[in-house]
Every structure is written in structure tokens, then in C-alpha cells.
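Counted the way the working numbering counts, the sequence shown spans residues 3 to 174.
Each remark here refers to the structure printed beneath this line.
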Amino acid sequence: MTGMKPILETKRLLLRELDHKDLPFLIELMGDPVVMEFWPNPLDKEECEKWIERQRSRYSDDGYGYWAAILKDSGELIGQAGLMRIEVGGAVETGLGYIIIRKYWGMGYATEAAQGCIDYAFATLKLDRVIAPVRPENIASERVAVKLGMRPESRTLFAGYRHSVYVMVKDQ
């Protein structure tokens, strides 16, 4: 960790704010065309720097954003997960997102981090609803949303691509 206090903790993970010291990892994670297959494109160094700045603005403006996901037992940064204010289908919503580095796929970390984010949204932020926009061809991300108990609510155009909107309502 970079000495920053964790925002939330799960069984195996700590989630904390992203920091500029995380840039080399983000370049590896978000520059990977396989990881970023369902994004418009992988991100280069400059785009990753802007990503960190956007998250830091979200932390100050909204009180949340994408957070670094770190293994508790080793301190290794393995991805990011978090919440962000987004406009989907003409409404401002709190969206859930998760991105895990490829070597840790299939180990339940995305689901665990995402569940921690949902719990944080309901218990700490006192939100009543969280959505996850998922491109229909992103089967792995769709599986995470379903494992979390999210339900498909609609399909919409988001960020220029067709997305299924999964929803979790407090006390669902």
C-alpha cells in the first residue's frame, strides 16, 4: 500500500484511493488489450494519468470512485473496483465497476471487491440503488453481476456501446 488508509475491507482485499504511485500498475492493467476488450480501447500512459486524476476528482466531488484493490496477505495491487456517478438512460445513477489483472481472473476477486463496494454504497453512503452497466458480450462481467444478486433491468446505449443494466436495490 502507499500508506493510504483503506476505504473498505473484504475477506481477502483492501480497497483504497488510487494514487499517482499506482501509475505503472494501471498502465499494465488498463493497457492490456485482453483486460480492456470491452472498453473502447486499452489506455496508454497519458490516459492512465488522466484516469487517476478523474478518480481523485470523483473522491473529492462525490466521496467515491474507482479504488485500488489490494491483496491483504501480500499487499499486491491486483485491480480496481468502485462506484461512480454516471448518466445512464437519461438518469444519474451510481454505477459499479471492477477490473482485475488477468493473472487473478477466475479467483473470485472481482465479485468480492464488487460486493464490498455494494455493501459500502448501502451502509456507508446510504444509497438505495446501484447499477452495473455491462456489455452483453462481456460474459465474465455479467456473471459477476449475477453472482452479486443484481438483476437485469434494461438495455441502453452507454459510452457509445449497447449495455445491459444490472441493478441491486437496498434490501433486495
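Backbone N, C-alpha and C define an ideal beta-carbon position, used for all residues, glycine too.
Beta-carbon proximity of residue i to residue j, cut-off 8 Å
i, j, result
"R137", "H165", "yes"
"I29", "E19", "no"
"A123", "L85", "yes"
"Y68", "A83", "yes"
"A142", "G97", "no"
"E114", "K7", "no"
"L79", "D24", "yes"
Range of the contiguous alpha helix (DSSP H) that encloses residue i
i, result
"S1", "Because the chain is modelled from 3 through 174, residue 1 falls outside the range shown and cannot be assessed."
"T113", "Y111 to A125"
"R60", "K47 to D64"
"E39", "No alpha helix (DSSP H) holds E39; DSSP gives it neither H nor E."
"L25", "L25 to M32"
Integer Cβ distance of residue i from residue j, believed to fall under 8 Å
i, j, result
"G118", "L15", "7 Å"
"C50", "M32", "6 Å"
"A116", "V148", "Incorrect: roughly 11 Å between the Cβ atoms, too far for contact."
"L81", "Y111", "Per the sequence presented here, residue 81 reads as Gly, with Leu not at that position. Right, the Cβ-Cβ distance comes to about 7 Å (below 8 Å), so this counts as a contact."
"E155", "Y168", "7 Å"
Where the beta strand (DSSP E) through residue i begins and ends
i, result
"E139", "Neither: E139 is in no beta strand (DSSP E) and is coded neither H nor E."
"F160", "R153 to F160"
"M170", "Y163 to V171"
"L16", "L15 to E19"
Residues bridged to residue i (per DSSP)
i, result
"G81", "A71 and I102"
"M86", "G97"
"V132", "M170"
"L10", "L17"
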